[in-house]
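Right, one structure below, let's go through it.
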Amino acid sequence: MDSKNFQLGLLTALLDSSNGNLYSGQRGGPGFDVEAAMQARAIHGVLAALTMVVFFPLGSIAMRVIPGRHAIHVHAIAQMIAYVVYICAVGLGLYLVREVQIPGVGNLMDNPETNYHPIIGLVVLVALFLQPLFGVIHHAKFKKTGRRQIWSYLHIFNGRIFITLGIANGALGLYMARESKERKTAYIAVSGVIWGLWMASAAWGEFKKWRASKTALGRGGVFVVKSSKGEVRGSRNEM
Ligand code: HEM
Ligand code: HEM
4 MDSKNFQLGL LTALLDSSNG NLYSGQRGGP GFDVEAAMQA RAIHGVLAAL TMVVFFPLGS
64 IAMRVIPGRH AIHVHAIAQM IAYVVYICAV GLGLYLVREV QIPGVGNLMD NPETNYHPII
124 GLVVLVALFL QPLFGVIHHA KFKKTGRRQI WSYLHIFNGR IFITLGIANG ALGLYMARES
184 KERKTAYIAV SGVIWGLWMA SAAWGEFKKW RASKTALGRG GVFVVKSSKG EVRGSRNEM
């Protein structure tokens, strides 16, 4: 086995190597429980993929399709639950990084062939940590002015960009784990469909906002704020 194959999908390789040749030339076994690591990896993969591919996108779609004030409640609660599930997945990922040691190389994080997936996952964790803060500030300001401000755009685009990066990172995880072609194809197909529905709902939301701003004055749900900059139209509909 060449060194590249050895490093990528190390766990799969270890489990497959029933003849034990993998460590020929090394004294002792791998030094960690391969079965337990395989289990942790499978649970990590399922939890992380569910959060990025299903929960976060559905929570975002909810913001656009649920009518009225309930949208923000469903959205905020769903996204917070999804974030907690993601923390559990990251915990298992860190367990794998700590446990799985490649003789002569170190752990999966020390190795440039295998560290990009955990590093991207941690970047996504940190970026999304700020989401509730941006979301709450957006909501408080929106209630006063009826308009999006810098916090709104930070919340919306930080969310869209880093959830999308998280979805792509799941594909990298499957590649690293040397999963079957069928699983990789299924992951890409399901992610593509859900991501497409999410973007369609986002575009629909923007369109509704734009249409409301054109036709709003005089109809319910719109108000005018008088400030030093003149009159500013706002909407009560946060969508
Ligand atoms: C965007 C977030 C993430 C997603 C969607 C994700 C998804 C996945 C998936 C689908 C697998 C393959 C599981 C399998 O085939 O059984 C995997 C493997 C793995 N993930 Fe993640 N993951 C994410 C973040 C992380 C983080 C933050 C870490 C660690 C800090 C991590 C560490 C690992 C490791 C060590 C493996 C095993 C790779 C191997 O077998 O060589 N992942 N991940
Ligand atoms: C980890 C937690 C969160 C994530 C990942 C997240 C993600 C997102 C995303 C991606 C969007 C844009 C939806 C689209 O693509 O069209 C969005 C919109 C929104 N979020 Fe969150 N969110 C989170 C928490 C919250 C919280 C706690 C609140 C409020 C208390 C909130 C309030 C909103 C509002 C009001 C919008 C609509 C903004 C507008 O269209 O002007 N979010 N969120």
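So the numbering used here is basically just the index in the sequence shown, starting at one, shifted up by 3. Ideal Cβ placement from N, Cα and C applies to all residues, glycine included. Fair warning: this is a prediction, and the values are worked out from it, not measured in the lab.
Pair within 8 Å by beta-carbon distance, residue i and residue j
i	j	result
I197	V57	yes
A174	K184	no
G138	A52	no
G124	G96	yes
A39	G62	no
A215	F165	no
Residue i beta carbon near ligand 2 (any heavy atom closer than 7 Å)
i	result
M112	no
G138	yes
M66	yes
I197	no
Y178	no
H73	no
A79	yes
Q152	no
I166	yes
A205	yes
S306	Here the chain has residues from 4 to 242 only, and residue 306 is not among them.
Residue i beta carbon near ligand 1 (any heavy atom closer than 7 Å)
i	result
Q127	In the sequence on display, residue 127 carries Val and not Gln. Yes, ligand 1 has a heavy atom inside 7 Å of this Cβ.
L131	no
E185	no
Test: residue i CB closer than 8 Å to a CB of chain C
i	result
L61	Among the protein chains of the structure shown there is no chain C, as only one such chain exists.
Residue of the options minimising C-alpha distance to residue i
i	options	result
I140	L131, I153, T218	I153
M248	Q82, E182, F145	Because the chain spans 4 through 242 in this model, residue 248 falls outside it and cannot be assessed.
Y178	V93, E116, M112, V37	E116
G34	H73, G109, F210, V88	G109
Contact set for residue i: own chain, Cβ-Cβ below 6 Å, skip 5 residues either direction
i	result
S194	V56, I170
Own chain, CB closer than 8 Å to residue i, minus 5 neighbours either side, in chain order
i	result
G221	Since pLDDT at G221 reaches only 43, below the 50 mark, its modelled position is unreliable, and no value is offered.
L111	L13, L99, V100, V103, I105, T117, N118, P121
M83	P135
G31	In this prediction, G31 has a pLDDT of 48, which is less than 50 and means its spatial position is unreliable; nothing more can be read from the coordinates.
A203	none
Self-check item: Contact between the region 55-73 and the region 106-123 (3+ Cβ pairs under 8 Å)
Solution: no
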